[in-house]
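Line by line, the protein sequences are chains A and B.
Last residue of the first sequence: 426 in our numbering, with the numbers rising by one and none dropped.
Last residue of the second sequence: 426 in our numbering, with the numbers rising by one and none dropped.
Note that beta-carbon positions come from the ideal geometry of N, C-alpha and C, so glycine has one too.
Written below as structure tokens is the structure these notes are about.
Number of protein chains: 2
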Amino acid sequence: MARGRKYRGFVYTDDLTRPRRFLEFLRERVEPPEVEELEVGPEVAGRVLADDVRAERPSPPFTRSAMDGYAVRAEDAEPGARLRVVGESRIGEEGEVKVGPGEAAYVDTGARVPEGADAVVPVEFVERDGDEIVIKEGVEPGDNLDRRGCYVEEGEVLYPAGHVVEPVDVGVMLEHGVEEVRVRRPLRVSVIVTGSELVERPSDLESEAQVVESIGPVLEAELARLGFVELRDRRLVEDDPVEIERAIVDAADGSDVLIVTGGSSVGERDYVKEILEDAFEDFIHGIRARPGRPFGVALREDAVAFTLPGWPTSAYTTFRVWVTPCLLALAGADPEVVGLELPCEGVKGKKALGVIARVELEDGRARGLPRDRSSHYALFREADALAVLPPGGKERALVLPLRRCVNPFEWVERRRGDR
Amino acid sequence: MARGRKYRGFVYTDDLTRPRRFLEFLRERVEPPEVEELEVGPEVAGRVLADDVRAERPSPPFTRSAMDGYAVRAEDAEPGARLRVVGESRIGEEGEVKVGPGEAAYVDTGARVPEGADAVVPVEFVERDGDEIVIKEGVEPGDNLDRRGCYVEEGEVLYPAGHVVEPVDVGVMLEHGVEEVRVRRPLRVSVIVTGSELVERPSDLESEAQVVESIGPVLEAELARLGFVELRDRRLVEDDPVEIERAIVDAADGSDVLIVTGGSSVGERDYVKEILEDAFEDFIHGIRARPGRPFGVALREDAVAFTLPGWPTSAYTTFRVWVTPCLLALAGADPEVVGLELPCEGVKGKKALGVIARVELEDGRARGLPRDRSSHYALFREADALAVLPPGGKERALVLPLRRCVNPFEWVERRRGDR
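Next comes the structure, spelled out in structure tokens:
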């Protein structure tokens, strides 16, 4: 296991400007998990679609009133005209009533617009007079209604294969009559944390030189939030090549993905990389970004292993920025860029190197925090987001929010105070 | 139950510029849930802290090397100086070695800096020569090390009461030796969806005028993501005042919060508001924003009820923007504003009215989508975020991302292409 040997299938991703190769590399070599069928409901949220999902029902499913008002023929509804009210159309009712020349029918918002009518006059624009209405303001054909299928036609693709289902997508699928969907089964992930200095719990601390294992629980909580991952195993292993190898081999059985933290740098006790080079096949190592150097991906027929730095700060950052989209790709998804791109200031770092920094967000700008060092774990308390800065230009950053807790009440009040 | 009567404790929040009153109103009147004790671990993520959490251990817990190198007395480490290597300090070891004048000790990154030393010379700045090192570049006291407690002192408040624990906070607490925390028990929430036109499943559809109930499953999935909520019950009820009242009274027993969708506007079948005015005490109704008019909050001694619009689009938007921070406040949290504030364009709406719009995000700007109407549920497919715009000024928006799926790989590649 000497250093510097030629590795089988070794690819060195030597520039943050080419990180797309990571995803291509994974997609080319790894089959997504098997397909399963689920009833559309809350449990579909977070899962990855295996096939295109098509609308079984158009939207709206019938020509629908957008207002409480009177369905009319627009040509009859001149200001001052009197129309005879021949019936009403209520939400949820089939609506037998038809509207002929000189006629009108009451419609609820969301109710079916009766046959014959081509516009709706809102209640506030008519005067009711017994069985008749008097038009105060006229309408054009198509006013205040949504035609059947004007938003989504029957058979149209609602979501493509590879889409990650968000909660609101579940509602859109149900509205369009989708009863079941084919999704990928969850990705089975195991987490291995290495480090002889680590103890499981604060109460296990016996000396000042020991450190509580604090990255495994964080990764477990983050993985649980993804929705397309099932945690198989999480364990702590000493810096011993035999134990690490055994843990990796054990975990690789029955897991699609291993995440291994620590032991992947260039120190004397950094065994992980060499063990993976032996036990796995292709190996990509190192993204030229800070943090990120010990980030690597190893593949074998039935499993993928990611290596993360040992500092919890760097491990977490690398997980959030680089591993999450890789997990999405492995789960069969097509991770999109959502452009939370903001002007950025105050982040230090070498120009030639990409940087991931902890930032605060204010007035639409990301601002680097003082003392952003990998040894300063508690700095996450002050950070609103992680900012990804490409090599060279540090003026704009891709921003990944760290806290979900948002208070528009307070924000609106503050904006008001600005003026 | 005539319209226009004077309601007990009625407060009309008549302006989006005063929405903070909603939260004040809730905080003044509602006690947060009871306290429970949890071991610090992944299951604490999402929960609300009941007390301040203090560091049981400083960070770092000992003066720690930030580099692989040699611990020295800075005054000895002039360029060209020769120092005798008297030992080494490894990660996880107590380190008996001490550094005296003219001496040095090898230290791993993260290992304890031996007594006597006040700086670390990185390995690349020394030449090893048997038992000695030759200094190539000097250091100042404090270089390349983190002093005990320099980030967090023992006993310092790590997180205040009311903080919502994110996954990374779990790691920070463990690192600082926190074994257990006192948190609020989860908020018990029931969801009642009203509407005679609604059926439970697509396979239940019998007529074109029926609509599949599609907001309840969305709210269930969103509530599950919050982490501080336990869903008690979710049910569908017809537009019948007796049934709605029974459902509300049933659900109020054993729930802290009811969320009721539909039936709160001003139509003939809008019974919910009046039932709540009878069954509950204080009632705040209507935020002057679109959507949001049917949004209301009713209180009684042991429960809070929120009313949401009936259109799924509006109900979801109101839930995300206004109900989520209220739930946080009720759970005992202090929801912060996280300033995802972006320039915004292309959103229509009355100037005097606050607007919540669906937007796409590109190049650091939010842009309104065409056809953003509450009847157009499927437009969520094209939206990256909800944008909250205060009354009057529509140039800047508070942005709440709708999709969590982000791909920095792709983004970095694109930024590269820009230059």
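Beta strand (DSSP E) segments (min. 3 residues) lying fully within the region 329-387 of chain A:
Counting only unbroken stretches of 3 or more residues, the beta strand (DSSP E) elements lying wholly within the region 329-387 of chain A are 348-352, 361-369, 372-375, in sequence order.
Counting C-beta neighbours from all protein chains within 10 Å, is the total for residue 143 of chain A 16 or more, i.e. buried, or is it exposed?
exposed
Neighbour list for residue 166 of chain B in chain A, Cβ cutoff strictly below 8 Å
388
Within chain B, the residues that residue 301 of chain A reaches when beta carbons sit closer than 9 Å:
Near residue 301 of chain A there are no residues of chain B at all, since even the closest Cβ is about 12 Å away, more than 9 Å.
Return the chain-ordered list of same chain residues with a C-beta closer than 8 Å to the C-beta of residue 356 of chain A, the five sequence neighbours on each side being excluded.
297, 362, 364, 396, 401
Supposed close pair residue 184 of chain A, residue 209 of chain B - CB separation, criterion 8 Å:
4 Å
With H, G and I counted as helix, E and B as strand and the rest as coil, what does DSSP make of residue 398 of chain B?
coil
Just the Cα atoms here: how many angstroms apart are residue 89 of chain A and residue 332 of chain B?
49 Å
Give the C-beta separation of residue 212 of chain A and residue 219 of chain A to the nearest angstrom, bearing in mind that I take them to be a contact with Cβ-Cβ under 8 Å.
7 Å
Please name the residue, chosen from A/192, A/372, A/58, that lies closest to residue 349 of chain A on a Cα-to-Cα basis.
Closest by C-alpha distance to residue 349 of chain A, out of A/192, A/372, A/58, is A/372.
Using the C-alpha atoms, what's the distance from residue 278 of chain A back to residue 18 of chain A?
Low local confidence applies: a pLDDT of 42 at residue 18 of chain A is under 50, so the model's placement there is unreliable, with the coordinate-based value given in what follows. Going from the Cα of residue 18 of chain A to the Cα of residue 278 of chain A covers about 19 Å.
Residue-chain proximity (residue 69 of chain A, chain B), Cβ-Cβ < 9 Å
yes
Quick check: what's the CA-CA separation for residue 98 of chain B versus residue 239 of chain B?
48 Å
Can you check whether the C-beta of residue 110 of chain B is within less than 9 Å of a C-beta belonging to chain A?
no
Exposed unless 16 or more other CB atoms sit within 10 angstroms - verdict on residue 406 of chain A
buried
Considering only the beta carbon of each residue, do residue 3 of chain A and residue 216 of chain B sit closer than 9 Å?
What is shown of chain A runs 8 to 426, which leaves residue 3 of chain A out entirely.
Along the region 235-248 of chain B, what residues have a CB closer than 7 Å to any CB found in chain A?
Listed by position along the chain: nothing, the set is empty.
Roughly how many angstroms lie between the CA atoms of residue 163 of chain B and residue 59 of chain B, to the nearest whole one?
Spanning the two alpha carbons is a distance of roughly 10 Å.
C-beta contact flag for residue 72 of chain A and residue 114 of chain A at 9 Å
yes
List the endpoints of the continuous alpha helix (DSSP H) containing residue 391 of chain B.
Residue 391 of chain B: not part of any alpha helix (DSSP H); DSSP gives it neither H nor E.
Counting only beta-carbon separations shorter than 9 Å, does residue 224 of chain A have a partner in chain B?
yes
For residue 218 of chain A: DSSP bridge partner residues
A/205
Does residue 349 of chain B have its Cβ less than 9 Å from a Cβ in chain A?
yes
Any beta-carbon of chain B closer than 9 Å to the one on residue 408 of chain A?
yes
Quick check on this structure: which residue in B/409, B/380, B/390 has the alpha carbon closest to the alpha carbon of residue 153 of chain A?
B/380
Residue 136 of chain B to residue 84 of chain B, Cα distance in whole Å?
Near 16 Å, if we compare the C-alpha coordinates of residue 84 of chain B and residue 136 of chain B.
Give the residues from the region 86-107 of chain B that approach chain A closer than 7 Å (Cβ to any Cβ), ordered along the chain.
98, 99, 100, 101, 102
Look at the alpha carbon of residue 255 of chain B and the alpha carbon of residue 265 of chain B, and state the distance between them as a whole number of angstroms.
8 Å
Starting from residue 312 of chain B and walking both ways along the alpha helix (DSSP H), at which residues does that stretch end?
First-last for residue 312 of chain B: 310-315, but that is the beta strand (DSSP E), not the alpha helix (DSSP H).
Around the C-beta of residue 377 of chain A, are 16 or more other C-beta atoms found within 10 angstroms, so that it is buried, or is it exposed?
exposed
Any C-beta of chain B under 9 Å from that of residue 179 of chain A
Closer than 9 Å: yes.
If we cut at 9 Å on Cβ distances, does residue 150 of chain B have a partner in chain A?
no
Of the residues A/408, A/385, A/403, which one's Cα is nearest the Cα of residue 180 of chain B?
Of the candidates A/408, A/385, A/403, A/385 places its Cα closest to the Cα of residue 180 of chain B.
Three-state class that DSSP yields for residue 152 of chain B in the structure shown:
strand
Provide the residue(s) that pair with residue 305 of chain B in DSSP beta bridges, ordered along the chain.
B/290, B/312
Counting only Cβ pairs nearer than 8 Å, list the residues of chain B close to residue 182 of chain A.
218, 219, 221, 319, 384, 385
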